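Engineer:
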Amino acid sequence: MRVALVASRIYNRRDSQFSGWNNRLTTSLKSLPISRTKWGWVLTITALLCCLCTVGCKKAANINGADAIRVGIITSITGPEARFGQAQKYGYEMALNEINTSGLLGKKLELVYQDDTSKAEVASLTVEKLADRDDIVALIGAYSSSATFPAASVADRYQIPMLCPSATTDEITRQGYKWVFRICAAANDYGRTLIKFLNEVAYAHRLAIVYENTQFGSSVARAALDQASKAAIDIVAYEAYDQGGTDFTPLLTRVKSAGPDAVLFVSYLADATLLMRQSKEIDLNPKVFTAGGAGFSLPDFLKGAGDTAEYTISVTQWTPDAKWTGSREWADKFRTLFDYEPSYHSVQAYMSLKVLADAIERAGSTDRLAVRDGIKSSSLDSIFGPIHFNDAGQNEHPVAITQVLNGKFTTVWPSSVAIGQPVLPTPQWSARKTITTGLNAQPGVHVPASVSGAEKLLQTLASGLLTGGIYALIGIGLTIVFGVMRVVNFAHGALVMVGMYSTYFLFTHSRLDPFLSLIVVIPGMFIIGVILQRILIAPVLRAPELNQILLTEGISIVLINTALLLFTSNYLTMTTSYAGAAFHFGDVSLSKPQMGAFLIAIIITGAVYLFLVRTSTGRQIRATAQDSEAARLLGINIKRVQALTFGLGVAAAGAAGSLLMPIYYRVEPNAGSPFTLKAFVVVVLGGMGSVTGALVGGIVLGIAEAMGAVYVATGYKDAVAFVIFLMVLTLKPSGLLGKSKV
Amino acid sequence: MIRAKPILLTGILFLLIFAPLILETRYSQHVMILVLLYVALGSAWNILGGFAGQLSLGHAAFFGIGAYTSAVIASKTSLSPWLAIVIGPLVVLPIALIVGWICFRLRGPYFTLATIAIGEVVRLVTLNWTSLTGGAVGVVIRPSVFDGTSKLPYYYIILIIALSSIMLSSVLSRRKLGYYLMSIREDEETAESIGIDTTRYKLIALALSASLTAISGAFYANYFLFVDPTIVLPLALSVEIVLIAIIGGLGTVPGPILGAILLKLSSELFRNEFAQANLLIYGVLLIVVILFMPGGLIGGVRKIMKWGARNPRRVSA
Amino acid sequence: MFLLEVKNLTKRFGGLVAVESLSFSVNAGETVSIIGPNGAGKTTVFNLITGFYRPTSGEIRFDGWDLIGSKPHKIALAGVGRTFQVVKPLRGLTVFENVLVGAFAHTGHRSEAQRIARDVLDFTDLAPLSDAIADGLPIGMRKRLELARSLATSPKLVLLDEVMSGLNPTESKEAIDLIRRLRDERGISAVAGVEHVMQVVMSISDRVIVLNHGRKIAEGPPSKVIDDPDVIEAYLGRVNGQ
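Chains as they are written, first to last, in the numbering used here: chain A, 1 to 742; chain B, 1 to 317; chain C, 1 to 242.
#1: Taking contact to mean 3 or more Cβ pairs, one atom from each stretch, closer than 8 Å, check whether the segment 1–18 of chain B and the segment 126–142 of chain B are in contact.
#2: Got a sec: is the Cβ-Cβ distance from R174(B) to anything in chain C below 8 Å?
#3: Using the rule of at least 16 other Cβ atoms within 10 Å of the residue's Cβ for burial, across every protein chain shown, is V196(C) buried or exposed?
#4: Can you tell me where the beta strand (DSSP E) holding Y241(A) begins and where it ends?
#5: Check the DSSP bridge columns for Y156(B) and list the partner residues they point to.
#6: Using a beta-carbon distance cut-off of less than 8 Å, what residues from the segment 111–132 of chain B approach chain A?
#7: Mind listing, in chain order, the continuous alpha helix (DSSP H) runs of no fewer than 4 residues lying wholly within the segment 150–195 of chain B?
#8: Suppose contacts are defined by Cβ-Cβ distances below 8 Å. Is Q88(A) in contact with C184(A) by that definition?
#9: List the residues of chain B that K129(A) touches, going by C-beta distances under 7 Å, in chain order.
#10: Which residues, taken in chain order from the segment 165–190 of chain B, show a beta carbon closer than 8 Å to some beta carbon of chain C?
#11: Would T252(B) count as contacting chain C if we go by Cβ distances under 8 Å?
#12: Please state whether DSSP places G119(B) in a helix, a strand or coil.
#13: Please confirm whether T744(A) has its beta-carbon closer than 8 Å to some beta-carbon of chain B.
#14: Less than 8 Å between the beta carbons of E281(A) and Q243(A), yes or no?
#15: Quick one: list the residues of chain C neighbouring G195(B), beta-carbon separation under 7 Å, in chain order.
#16: Against chain B, does D718(A) count as a neighbour if the rule is that its beta carbon must be under 8 Å from one of theirs?
#17: Whose C-beta lies closer than 7 Å to the C-beta of F104(C) among residues of the same chain, with five residues either side of it excluded?
#18: For A95(A), name the three-state secondary structure that DSSP assigns.
#19: First and last residue of the beta strand (DSSP E) that includes R215(C)?
#20: Is the beta carbon of F52(C) less than 8 Å from the beta carbon of P72(C)?
#21: With a threshold of 6 Å on Cβ separation, who are the neighbours of L353(A) within its own chain once the five nearest residues in sequence on each side are excluded?
#22: With a threshold of 8 Å between beta carbons, is S150(C) in contact with chain B?
#23: Drop a sphere of 10 angstroms on the beta-carbon of T426(A), count the other beta-carbons inside from all chains shown, and report buried for 16 or more, exposed for fewer.
#24: Span of the beta strand (DSSP E) holding H509(A)?
#25: Using 8 Å as the limit for Cβ to Cβ distance, is R754(A) near chain B?
#26: Count the other CB atoms within 10 Å of the CB of L90(B); is the residue buried (16 or more) or exposed (fewer)?
#27: Any beta carbon of chain C sitting closer than 8 Å to that of T198(B)?
#28: Just to confirm my understanding: we take K376(A), look at its own chain, exclude 5 residues before and 5 after, and list those with CB closer than 7 Å. What are they?
#29: Return the residues of the segment 217–230 of chain B that lie within a Cβ-Cβ distance of less than 8 Å from chain A, sorted by chain order.
#30: In chain B, what lies closer than 8 Å to R110(C) by C-beta?
#31: For R47(C), which residues in the same chain have their Cβ closer than 7 Å to its Cβ, ignoring the five residues on either side in sequence?
#32: Note down, in chain order, every chain A residue with its Cβ under 9 Å from the Cβ of L203(B).
#33: Beta carbon of I298(B), beta carbon of L258(B): below 8 Å?
#34: If you check the beta carbons only, do V371(A) and V520(A) fall under 8 Å apart?
#35: Would you identify the three-state DSSP class for K376(A), choosing helix, strand or coil?
#36: So if I threshold CB-CB distances at 8 Å, which residues from the segment 257–290 of chain B count as touching chain C?
Encoded structure:
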């Protein structure tokens, strides 16, 4: 009896409040013979029906007129590879205009663009979607190897002709496909040409291969590895790294200690820039730096790597100055049309469409089989060299070798297309003040500077320590937020990225030195942090922790994609006066920007520590971290402390971003993302919520990663960090120091 | 009262069986397959994350292992990669037990972070164990049993997998195991105090969840016919699986279904309509849902219904 | 033979001695109160018996079994039920589901578990609240729900931690009544942890054990203990001092 009374007391208030609602809802509910608790199902069914309808409508929208010849173009309009998608789009548009001035089989050619969002899954889906449309004659795409490889298998299965403009993975033309053709040279050609050059022109004997662990990188590296064994070139190092690396010093130390006389880098732009600059910093002096195209053959590389780009040898699919029919005129026309420096991506796209149009013209029909046979029998002399497909569908495109001379790509080999002589061996970094010309390599053995075991260890420890300082600063931001609010902030890396962009713009627009930019970035980021906390974090403090994690993940997605919209996915690179400079102690070299960043990171860490220990606000923060309930009872304004702490955490992340800029040289929307996971590792190593712990954790992580990169296979470098992380979590969850509070 | 639910469910089943015959373009069938795949993944995660409250952000590892089992069978043996639907869970189970051994002694954010780390370790090992996995290049799988041009067989296979996951969740939610898992989610100490072997039941939940995820992974490899570490093992996949369960409604049976439909369908639509801004909209939506519907869409609807349905009954008691 | 027998039980946390050389026993069908001020070690004793803490030294035997080193769930299944000082309802579940979970301890069948749950809900007068979400209940109801959930596991002994704290006079009276009925109607032994010397508690206790700073300072029938000079000094002295 009493219980019933209590029940009505608990619920009555709510009832009266919503009684109007109630009555209406209950009546409508009663008329429906559905169990009241199963409303989720009804919602689900409704959604399912909507789903089917939408999909059905998509089908209706596919029907189009037949007044034009349509070609499906798959490229990366969004996502990390959008910049290359844009380059391809210029090529397609240029070819389209040329074709449509005269028309094709009396009709207009029309391009149907599909965005693969830089994802393989989506690329395959779009192939399917386009293959389903009867009005699409053929496909061209995608941009990257990883998107093209699976997409090609779909095209072959659905029997629609597909031209691959730029994917280099050998596997694409090794599957026995009958409908897939590739315009560009494959990874294997890169490897063969490079090794031939190293063997016959550069007289290299000891090659170190460093490649990004992606489809493209590993394909080219593997091809070079295979060819080298045939050419009696020793591979002294074969190192994979995860794309978007933050510090290559340990990796390059490992390479240096292997004593190569030639180095081969296979990397995209961001890493290409950093690899060259850090090669200078640690004074890596092989006889020649070579590269497998990609990042090293783009105009932006010259800008990003600055003077360190000089003398770099690279394979390239095409250069504006190549001696192919009309390539110079084409390049000029392209520049006037788009005000954009043509890269080989544009040419490949342009040529793919031209080849396709030529095939349709010759086939005299838009029948897919006829068009495929038309492509198969192509025989053209073009700005991209002669076009002719072998039985596997591969255009036997010769690749050329360029060298950066006086800040420009110059074709130096093979002699049939060369317009200059290669400068070999590459001058040592220390002798680079004056530009050397016309020196040719002599046959003979290059004696690489030897590195003693002790020096190697010291170098590793030093670069690990320097990186660790930055990790510590990033970790501190995360740890104090966790200590006070018990929130694991997944947006931490994105906030580092915001700091990086801020510093970049302060440097380029106000000529403010990156280190000085902290004066602006720290307060700015602090305010951003306070606002974020007040509006978004505070409401979920009492929510389940997964909701908190996903909220911060949402913030991360929004920040990264806002940056994408504002600045595109292009790398923005900056060069300070001290870029690439280093202190040398024997064979151990310490990069000046890294030293500066390390010192400032330590100073900031110390300041944060003193703030927490010495000031009353700091003590309030610590008290809240210890026991927020007790702190509230003591009259501490918890909300203020929480906002303050989050501001502080975000400011630390931003400061770390600023300090990264002079080391990292470049920024793009995803530049901060790797730091989220690193920050987690740091914080767990040091014990969640502990500032001194974060310092220790950062340095331990930095050194562990460096040691891993130098003494363990580089590909497993990050695995080393995670394994340590898991071990600490399992064996000593309170962190290495065993403290769990600020 | 007429028993409406069985009639409704039979209706849906018929609809699902005949839908691909009505919407016969391969693209629409593909979208439906994708939605069902994520329904299966969301439901599988929900057993561990929603019912048992163990918030794993490492499920991509189980998915990837299932997918790579297919790839290895296809590239190293002459057997059909479809066998991975059976072998995949067997490969995943011992790994799941190790994961459980490491992670289940951890609580809250520590557990979640450990699962992220395990996911990353699996990804890095796959990426670097080139002789087995083909590394970053990935593996193209030849179509087996079906020729890969008709979507229908794939649709029905994933329909069966998805329905099995849902039925398992639905049966669980009404049985001892389901109640035990929910008790563990609500309070582990309480659960122990009433005789629940929390470690054992968490392991059972993990094993079920991981196996179902591996089966979905094996299906994916056979359907998509290509795997590489960036496709089947990224952290982003783990996050997406969790999002589906959260946005739909954590710990409810229809939640993951609703989440998968909305998320996968909207990302298809956004990609075409908003191009550059599609992920931005996705992020904003995520924040809005978390802030204003912490129980997911199902939770939101139930809350509204509760005002009307639950309380009057209580007063009359 | 005793149902529960504790011998020389000691628990140290670092340098702090929470329980020191404690011995006591409980007979089948007996209601025992452990009283002592906050921090006297009552909760630690309960956590030791139920396996949430591992004793530093000493013996705990239940129904002839050695409980040391057993996991909490094993001890629960052996017949030791408990409630928590800070109540821990399974928040998202209904009252009925909370009890149902307990009822699954000895059966896998839903219908059987439901039967047990209904029986326990009737016994504890919670039946009218069956469909309420546990999170929304007032403190008195939550304490009662804890006991009901524990009873659903068919224990021989229940340990009731801080059974009276936070209850208003009416609620206290109802709780006392329920404990009395445990013994009288179901023959279940109970050990009730109580912070203050309360006449009502004394009235239902067969025996009272008084703890102070982890040591037993008195034991015996309620009427005797209340006159014990040590208890008066340790306990009532404290009251006078306030």
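Every residue gets a Cβ at the ideal spot worked out from N, C-alpha and C, and that includes glycine.
Keep in mind it's a predicted model, so treat the numbers as computed, not measured.
Structural biologist: Judging by the given coordinates:
#1: no
#2: On the second sequence, residue 174(B) is found 174 positions in, with the first residue counted as 1. Chain C, which has a Cβ nearer than 8 Å to the Cβ of R174(B), makes this yes.
#3: Your numbering for residue 196(C) matches position 196 in the third sequence. One point to set straight first is that residue 196(C) is His, not Val, in the sequence displayed. Exposed, by the Cβ-count rule.
#4: The sequence position of residue 241(A) within the first sequence is 241, counting from 1. D234 to Y241 is the extent of the beta strand (DSSP E) around Y241(A).
#5: If you number the second sequence from 1, residue 156(B) lands on position 156. In the DSSP output, where bridge partners are listed per residue, Y156(B) has none listed.
#6: Using a CB distance below 8 Å, the part of the segment 111–132 of chain B facing chain A consists of T112, L113, A114, I116, A117, I118, E120, V121, L124, V125, L127, N128 and T130, ordered along the chain.
#7: Those alpha helix (DSSP H) runs which fall completely within the segment 150–195 of chain B and span 4+ residues are 152–172, 176–186 and 188–193.
#8: Taking the first sequence and counting its residues from 1, the one referred to as residue 88(A) is at position 88. Taking the first sequence and counting its residues from 1, the one referred to as residue 184(A) is at position 184. No, they are not a contact pair.
#9: On the first sequence, residue 129(A) is found 129 positions in, with the first residue counted as 1. By Cβ distance, chain B contributes Y27.
#10: R174, R175, K176, Y179, Y180, M182, S183, R185, E186, D187, E189 and T190
#11: For the purposes of this step, residue 252(B) is taken as the residue at position 252 of the second sequence. For T252(B), the answer is no, since every Cβ of chain C falls outside 8 Å of its Cβ.
#12: Position 119 of the second sequence, counted from the first residue, corresponds to residue 119(B). Here G119(B) sits in helix by DSSP.
#13: Since the first residue of chain A shown is 1 and the last is 742, residue 744(A) is not available in this structure.
#14: Position 281 of the first sequence, counted from the start, is the residue given in the question as residue 281(A). Position 243 of the first sequence, counted from the start, is the residue given in the question as residue 243(A). No.
#15: Against the second sequence, residue 195(B) aligns to sequence position 195. Close to G195(B), with beta-carbon spacing below 7 Å, are these residues of chain C in chain order: H73, A76, L77, A105 and T153.
#16: Translated into positions along the first sequence, residue 718(A) becomes position 718. Taking a beta-carbon distance threshold of 8 Å, D718(A) counts as an interface residue toward chain B.
#17: Working through the third sequence from its first residue, we reach residue 104(C) at position 104. Once the five neighbours on either side are set aside, the close Cβ partners of F104(C) are A113.
#18: Residue 95(A) sits at position 95 when you count from the first residue of the first sequence. DSSP places A95(A) in helix when its eight states are reduced to three.
#19: What you label residue 215(C) is simply residue 215 of the third sequence in a count that begins at 1. R215 to G220 is the extent of the beta strand (DSSP E) around R215(C).
#20: Taking the first residue of the third sequence as position 1, residue 52(C) is located at position 52. Taking the first residue of the third sequence as position 1, residue 72(C) is located at position 72. In this structure, P72(C) lies closer than 8 Å to F52(C) by Cβ.
#21: Indexing the first sequence from 1 puts residue 353(A) at position 353. The beta carbon of L353(A) is closer than 6 Å to those of Y92 and A95 in its chain, skipping five residues each way along the sequence.
#22: The residue labelled residue 150(C) in the question sits at position 150 within the third sequence. At a cut-off of 8 Å between C-beta atoms, S150(C) counts as an interface residue with respect to chain B.
#23: One-based indexing of the first sequence puts residue 426(A) at position 426. Looking at its Cβ environment, which holds 16 or more other Cβ atoms inside 10 Å, T426(A) is buried.
#24: Within the first sequence, numbered from 1, the residue matching residue 509(A) stands at position 509. Looking at the DSSP string, H509(A) is not in any beta strand (DSSP E); the run it does join, the alpha helix (DSSP H), is H492 to S510.
#25: One cannot answer for residue 754(A) here, as it falls past the ends of chain A, which runs 1 to 742.
#26: Position 90 of the second sequence, counted from the first residue, corresponds to residue 90(B). By the beta-carbon neighbour count (other beta carbons within 10 angstroms, threshold 16), L90(B) is exposed.
#27: Here residue 198(B) corresponds to residue number 198 of the second sequence, with the count starting at 1. For T198(B), the answer is yes, since a Cβ of chain C falls inside 8 Å of its Cβ.
#28: Taking the first sequence and counting its residues from 1, one reaches residue 376(A) at position 376. Within the same chain, K376(A) has close Cβ partners F389.
#29: Here the close residues are F224, L225, F226, D228 and T230.
#30: Counted from its first residue, the third sequence places residue 110(C) at position 110. Neighbours of R110(C) on chain B, chain order: R174, R175 and K176.
#31: Here residue 47(C) refers to the residue found at position 47 when the third sequence is read from its first residue. According to the sequence as given, residue 47(C) is Asn; it is not Arg. Cβ neighbours of N47(C) beyond the five flanking positions: Y53.
#32: Indexing the second sequence from 1 puts residue 203(B) at position 203. Going along chain A, no residue has its Cβ under 9 Å from L203(B), so there is no contact; the nearest lies around 16 Å.
#33: What you label residue 298(B) is simply residue 298 of the second sequence in a count that begins at 1. What you label residue 258(B) is simply residue 258 of the second sequence in a count that begins at 1. Yes, they are a contact pair.
#34: As a first step, residue 371(A) is located in the first sequence; it is residue number 371 there, counting from the start. As a first step, residue 520(A) is located in the first sequence; it is residue number 520 there, counting from the start. Cβ distance not < 8 Å, so V371(A) and V520(A) don't count as in contact.
#35: On the first sequence, residue 376(A) is found 376 positions in, with the first residue counted as 1. K376(A) falls in the helix class under three-state DSSP.
#36: none
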